[in-house]
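Okay, so the sequence shown: first residue is -15 according to the working numbering, each after it adds one.
Quick reminder that beta carbons are idealized off the backbone N, C-alpha and C, glycines included.
Below: one structure, written as structure tokens.
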Amino acid sequence: MKTILKTNLKPAIYSIDHQKEGPEGCDPGSPPLGIPGPALTKELKIKYTFSVTWKENPKVKWTSRWDYILESMPHTNIQWFSIMNSLVIVVFLSGMVAMIMLRTLHKDIARYNQVDNL
């Protein structure tokens, strides 16, 4: 059993010879199908077909089968600068909150110690 690792699609529309049945009526050498656009006044039926060609690539290893997909998606690149920037901001803000908490606790402890001395 083989696994599909990559697909390439080449869409094309050809004029169909309605006199011939089957795949013979759709010749890739025929001119492209002309669609009238705004001048179209009635329903246009488009017959279509497709063919599939399988090509085995023995050079692709099982471990690198996802490389094509990952490389084709630009959003999969790791944004190291953004990650480091976020970490620096989190550490800085956490430090500020810790300093505020320490000052508040220090004042509270000093006030409680003053009450004990009276």
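Could you give the C-beta distance for residue i and residue j, rounded to a whole number, given that I count them as a contact under 8 Å?
i: V44; j: L(-7); result: V44 to L(-7), Cβ: 19 Å. No contact.
So, helix, strand or coil for residue i, using DSSP?
i: Q63; result: coil
i: W50; result: coil
i: P42; result: coil
i: L(-7); result: coil
i: S70; result: helix
i: K91; result: helix
i: S35; result: coil
i: E55; result: helix
i: L86; result: helix
i: L28; result: coil
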